[in-house]
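Trainee:
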Amino acid sequence: MSSNDLKLKAHLLRRAGFGASPKELDQVSDKSYEDIVEDLLHPDRAEEINMDYIKRYNPELRYPDTHPLHAGFWIWRMINTKKPLEEKIALFWHHVFATAWYKGEHTPSQIEQIETFRRNGLSNIKQILNDLAKDPAMNYWLDNCENHSDQPNENWGRELLELFSMGVGNYTEEDIKQASRAFTGWTFEQPLPLYPYGNYETKFVFDESDHDFGEKTFLGRTGDFNGEDIIDIICEERATALFICRHLYNFFVEDEPQIPAWSIEPPRNPEAIDQMIDVLMSNDGEMVPLLRFVFNSEFFKDSMYKKVKNPCELIAGTLKLTGTYGIMPKQGEEVGKLYGIGSVMGQALMNPPTVEGWHTGHEWIDGGTLNERVNFAVNQFNDMSVPGLSDIISRLGDRVKASELLDKCLDIIGPFELGKQAYDALSEYAEAVGDLDLTNEASIEQNNEYIARMVQLILSTREYQFA
Amino acid sequence: MTTTSIPYDLLRSGFPYYMTLGQRRVTTAPVDIGFGKENIYVLTKGGLGTQIRVLNWEDENLGVRGGTDLFQWPAGLLVDEEENLYVSDEAKDCLVIMNKDGEHIQTWGESGSDEGQLNRPSSLAFDLEGNIFISDTMNHRIQKFTRDGKFLQSIGEMGTGDGQFDMPWGISVDQLGNLYVADWRNDRVQKFDESGNFVFSLGSSGSEKGQFKRPTAVTVDNHGDIYVSDAENDRVQLFNKDLKYIQSFHGNATLSPSGQQYILANAVTLRLRSMADFEKTQRLDAPMMVKVDDEFRLFILDYGNHRIQIYKKDAVELSKEQIAPEMRNPILFTT
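If you read the sequences in order, they're chains B and P.
Count along the first sequence from 1, then add 13; that gives the number in the numbering used here.
Count along the second sequence from 1, then add 17; that gives the number in the numbering used here.
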């Protein structure tokens, strides 16, 4: 297998998952790129994650109380899952259908929404939108529980069209009103209050007595539409396919202009988007054929390092390298901390800033978040006892020439490419360190420090910020 | 109803719900419980409080003992005759001892897998001489120490056979000195005699009667009845001394005194509670620990609901002469 093949597989696993540890890359080295794509698209082929130990030592995960713990647990799943696309697609839909904990402060429904994305994220656009419309967290977030037959609330109806399916310019104000009427009576069961015994779950309820059964005209069609009918009509529209494909392209392929600019800025790669729309529409909105097309496309393969890592990708990918936060939790590895780390980088999971979700690409980076990102990655290798460092050292072999150290580390960590400036600077460090004899017991501690420092230098580069 | 010797059999009148103690932010995420002369000590673990909460029988909050300055991942609690408090710490592999006012007396324990060393110590139990059994979870064994930390005995090893364990958790000692172990990842309970010899294994993996899904604790009352916290099945199962399944507890709670006081003072909470499905509020959610006292009160730490549900056995002790001889087969002529 050529180095380019491995680079491509690593690229795929960074985009369709959260990166791969050297060991995980070993495990796919004999598989073809296309077979790896198929495995990713079929999470049912992979074994379930072993959660016995994480739940044994974080028993708070048994009850849905503080959302940081559960948001951090999600990052733990991103690190440890054998079904990376299942978690990645859940994160994708969380980006698109941004729902925040801070309004309802009801952790069980927030957890359930992510579980729904995990379960249906690779299914069908129509299914996904229907589940979303019945999701209690979304229902409360966009006030559909206040959408009564005699007193409509148009918040959900408006955002369904503007931010969740068609995008601005493809419908009228009247369409919003008519769609909202169709969702009257779509509410949820009142959960028991938080005190005195903690949170209780809730579920979707259709209150027939509060539904407007009158005739509606929506996007030129007339009938006694309910919510499902509205979603059926939305899914027939090319604008919906365009909207979903732009989101997908931005999330999986290449940083795009941000959503507020979509009505005035065309896609960066209109040809690719057109092809994606055709695939989606000709497959009745099925996600798997679309993602299969994307991951096997030349534009995807050519998109290496054209995307700034979102904080989850950066955190999970780095911790895969260190081998920490694994299946068996160690002292100090409190999963709730992972939520805090993402938050200071600008991505508080389950708590996006607005219904528009997070802005991505270069907007992840500012003076503050860049510091957090670089420091986080570098600091993970301050601890010389992390298992990932031992693994890197063992893969370097017995002797490493100064001229080989950087290339070998880049191969193990990535395979990973640096620009000339960074490459030259790190080569100077390698020259200063000199040849390393890793069999020499007397100098083993010093040599390990040299290697850890080289890894830290690589993780501190501009290039490491990109996926 | 108290007893000093195990009766031949029981007329089981019932096992009614008795009362509930605690609430969120007072007994958040309770993992173990111990009893003083008047006080009830509840060990809690998690972001909303890692400490020992002290309550009385009126459910009044009398403050806390210990905290993260003394232990990080507390798992087990023992209270001795002086009301000294013993807490195992799974993060630091040690046992922390405080007096009843929370003043630190001693910490002992050392990480490792050699005899006398600990790897994630969890549940605790006194033997009949007052020595301490510790569930040495990640060493897959039970070890016995004197109260000041001198190693005395080790029972078991990693495995699935008789007398072997896979991450043992809750332990208990009966009035005859037998040791019971919730063999967590093997989904069973094992019994050992006073010398540490294997006696029996109870249960298998599953959700049927007599099966367990990650049992976290076991306790035995003075009738020889065995109670198992079947945590992932959200129930506690009761077996008699002959290992016959008797019944399950799924939760039948009413409001604790403190919970009732809270709700009555909050009009919105009152309204929301009246709008909600009431059924759910009674049930157990991940019962983490189960204990029984000499008065046959059963304490279930209803972990996911931040409270302690208490039940009280109502039974008549029977002599051999009072009950017909055992039958080999069932009969339809039931008189």
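Cβ coordinates follow ideal geometry from the N, Cα and C atoms, glycine included.
Looking at chain B, is there any beta carbon in it that lies within less than 8 Å of the beta carbon of P/T351?
Mentor: Residue mapping note: residue 351 of chain P aligns to position 334 of the second sequence, counting from 1. With 8 Å as the cut-off, P/T351 does not count as an interface residue toward chain B.
Trainee: Can you tell me where the beta strand (DSSP E) with P/R231 in it begins and where it stops?
Mentor: Sequence index remark: in the second sequence, residue 231 of chain P carries index 214 (1-based). That residue, P/R231, is in no beta strand (DSSP E); it is neither H nor E in DSSP.
Trainee: Who are the near neighbours of B/N461 in its chain, counting only those whose CB is closer than 8 Å to its CB and skipping five residues on each side?
Mentor: The sequence position of residue 461 of chain B within the first sequence is 448, counting from 1. Hits under 8 Å: M397, L402, I406.
Trainee: Could you tell me the alpha carbon to alpha carbon distance between P/K230 and B/D225, rounded to whole angstroms?
Mentor: The residue labelled residue 230 of chain P in the question sits at position 213 within the second sequence. The residue labelled residue 225 of chain B in the question sits at position 212 within the first sequence. Answer to the nearest angstrom: the Cα atoms are 47 Å apart.
Trainee: Span of the alpha helix (DSSP H) holding P/P304?
Mentor: Residue 304 of chain P sits at position 287 when you count from the first residue of the second sequence. Where P/P304 is concerned, there is no enclosing alpha helix (DSSP H), although the beta strand (DSSP E) it sits in stretches over 304-309.
Trainee: Does the pairing of the stretch 206-221 of chain P with the stretch 172-180 of chain P give three or more beta-carbon distances under 8 Å?
Mentor: The stretch 206-221 of chain P is in contact with the stretch 172-180 of chain P.
Trainee: Would B/G211 count as contacting chain P if we go by Cβ distances under 8 Å?
Mentor: As a position in the first sequence, residue 211 of chain B is number 198, starting the count at 1. So, interface residue.
Trainee: When the Cα atoms are used, what is the spatial distance from P/Q40 to P/F168?
Mentor: Reading the second sequence from its first residue, position 23 is the one you call residue 40 of chain P. Reading the second sequence from its first residue, position 151 is the one you call residue 168 of chain P. Distance between the alpha carbons of P/Q40 and P/F168 is about 38 Å.
Trainee: How would you call B/M467, buried or exposed, if buried means at least 16 neighbouring beta carbons within 10 angstroms?
Mentor: Here the question's residue 467 of chain B lines up with position 454 in the first sequence. Counting Cβ neighbours within 10 Å, B/M467 comes out buried, since at least 16 surround it.
Trainee: By Cβ distance below 7 Å, which residues in the same chain neighbour B/T94 in space, the five residues on each side in sequence not counted?
Mentor: Here residue 94 of chain B is taken as the residue at index 81 of the first sequence, counted from 1. These residues qualify, in order along the chain: I62, E100.
Trainee: Please report the distance separating the alpha-carbon of B/M358 from that of B/P365.
Mentor: Here the question's residue 358 of chain B lines up with position 345 in the first sequence. Here the question's residue 365 of chain B lines up with position 352 in the first sequence. Approximately 12 Å, taken between the alpha carbons.
Trainee: Would you please verify whether the beta carbon of P/G276 is less than 8 Å from any beta carbon of chain B?
Mentor: Here residue 276 of chain P corresponds to residue number 259 of the second sequence, with the count starting at 1. Closer than 8 Å to some Cβ of chain B, the Cβ of P/G276 qualifies, so yes.
Trainee: Would you say P/L289 faces chain B, with C-beta separation under 8 Å as the test?
Mentor: By one-based count along the second sequence, residue 289 of chain P stands at place 272. So yes, P/L289 belongs to the interface.
Trainee: Within 10 angstroms of the Cβ of P/I325, are there 16 or more other Cβ atoms? Answer buried if so, exposed if not.
Mentor: Taking the second sequence and counting its residues from 1, the one referred to as residue 325 of chain P is at position 308. It counts as buried.
Trainee: Can you tell me which of B/E444, B/D78, B/K96 puts its alpha carbon nearest to the alpha carbon of B/H55?
Mentor: Reading the first sequence from its first residue, position 42 is the one you call residue 55 of chain B. The shortest C-alpha separation from B/H55 is found at B/K96.
Trainee: Using 8 Å as the cut-off, can you tell me whether the stretch 429-438 of chain B makes contact with the stretch 343-357 of chain B, which would need three or more C-beta pairs spanning the two stretches below that distance?
Mentor: The stretch 429-438 of chain B vs the stretch 343-357 of chain B: no contact.
Trainee: Give me, in chain order, the residues of the same chain whose beta-carbon lies closer than 7 Å to that of B/E241; leave out the 5 immediate sequence neighbours on both sides.
Mentor: Here residue 241 of chain B refers to the residue found at position 228 when the first sequence is read from its first residue. Same-chain partners within the cutoff: N143.
Trainee: Would you say B/T79 reaches chain P, if we count a Cβ-Cβ gap shorter than 8 Å as a contact?
Mentor: Taking the first sequence and counting its residues from 1, the one referred to as residue 79 of chain B is at position 66. Output row for B/T79: interface = yes.
Trainee: Whose CA, out of B/Y184, B/N309, B/I102, B/K314, lies closest to the CA of B/T276?
Mentor: Taking the first residue of the first sequence as 1, we reach residue 276 of chain B at position 263. A small correction: the amino acid at residue 276 of chain B is Ser; Thr does not occupy that position in the sequence shown. Considering only alpha carbons, the answer is B/Y184.
Trainee: Using the C-alpha atoms, what's the distance from P/D153 back to P/M135?
Mentor: On the second sequence, residue 135 of chain P is found 118 positions in, with the first residue counted as 1. On the second sequence, residue 153 of chain P is found 136 positions in, with the first residue counted as 1. For the record, residue 135 of chain P in the displayed sequence is Leu; it is not Met. Taking the straight line joining both Cα atoms gives about 6 Å.
Trainee: Taking 8 Å as the threshold (C-beta atoms), are B/H119 and B/N263 in contact?
Mentor: Reading the first sequence from its first residue, position 250 is the one you call residue 263 of chain B. Reading the first sequence from its first residue, position 106 is the one you call residue 119 of chain B. Not a contact, by the Cβ cut-off of 8 Å.
Trainee: Alpha carbon to alpha carbon, how far is B/K216 from B/I247? Give it in angstroms, no decimals.
Mentor: Against the first sequence, residue 247 of chain B aligns to sequence position 234. Against the first sequence, residue 216 of chain B aligns to sequence position 203. Distance between the alpha carbons of B/I247 and B/K216 is about 25 Å.
Trainee: In chain order, what residues of the stretch 26-42 of chain P put their CB closer than 7 Å to some CB of chain B?
Mentor: Residues Q40, R41.
Trainee: Under 7 Å Cβ to Cβ from B/V181, same chain only, skipping five residues before and after it: list those, please.
Mentor: Within the first sequence, the letter at position 168 stands for residue 181 of chain B. Contacts found: E175, S276.
Trainee: Does the stretch 315-333 of chain P come close enough to the stretch 71-83 of chain B to have 3 or more Cβ pairs within less than 8 Å?
Mentor: Verdict: yes, contact present.
Trainee: Taking DSSP as the reference, what is the three-state secondary structure of B/P273?
Mentor: As a working mapping, residue 273 of chain B is identified with position 260 in the first sequence. B/P273: helix per DSSP, three-state reduction.
Trainee: Note down, in chain order, each residue of its chain lying with its Cβ closer than 6 Å to the Cβ of P/P347, except the 5 sequence neighbours on either side.
Mentor: Along the second sequence, read from residue 1 onward, the residue named residue 347 of chain P stands at position 330. Excluding residues within five positions, none has a Cβ falling inside 6 Å.
Trainee: Among the residues of its own chain, which have a CB less than 7 Å from the CB of B/Q140, if the five just before and after it don't count?
Mentor: Translated into positions along the first sequence, residue 140 of chain B becomes position 127. So the list reads N133, once near-sequence residues are dropped.
Trainee: Within 8 Å (strictly less), CB to CB, does P/A108 reach chain B?
Mentor: Taking the second sequence and counting its residues from 1, the one referred to as residue 108 of chain P is at position 91. Yes, contact with chain B.
Trainee: Secondary structure at P/M175, three-state DSSP: helix, strand or coil?
Mentor: Counting from one through the second sequence, the residue named residue 175 of chain P turns up at place 158. Of the three classes helix, strand and coil, the one that applies to P/M175 here is strand, per DSSP.
Trainee: Give me the chain B residues within the contact set of P/G321, using Cβ-Cβ distance strictly less than 8 Å, ordered along the chain.
Mentor: In the second sequence, the residue the question calls residue 321 of chain P occupies position 304. Within 8 Å Cβ-Cβ: R75, Y76, G211.
Trainee: Can you look up B/I328 in the DSSP assignment and give me helix, strand or coil?
Mentor: In the first sequence, the residue the question calls residue 328 of chain B occupies position 315. B/I328 falls in the helix class under three-state DSSP.
Trainee: Just to confirm my understanding: we take B/A23, look at its own chain, exclude 5 residues before and 5 after, and list those with CB closer than 7 Å. What are they?
Mentor: Position 10 of the first sequence holds residue 23 of chain B. Excluding residues within five positions, the ones whose Cβ falls inside 7 Å are A33, L38, G427, P428.
Trainee: Taking beta-carbon pairs under 8 Å, can you tell me which members of the stretch 55-68 of chain P lie near chain B?
Mentor: Hits within the stretch, in order: K62, G63, G64, L65.
Trainee: Three or more beta-carbon pairs under 8 Å between the stretch 294-308 of chain B and the stretch 327-337 of chain B, yes or no?
Mentor: Contact between the stretch 294-308 of chain B and the stretch 327-337 of chain B is absent, because fewer than three Cβ pairs lie under 8 Å.
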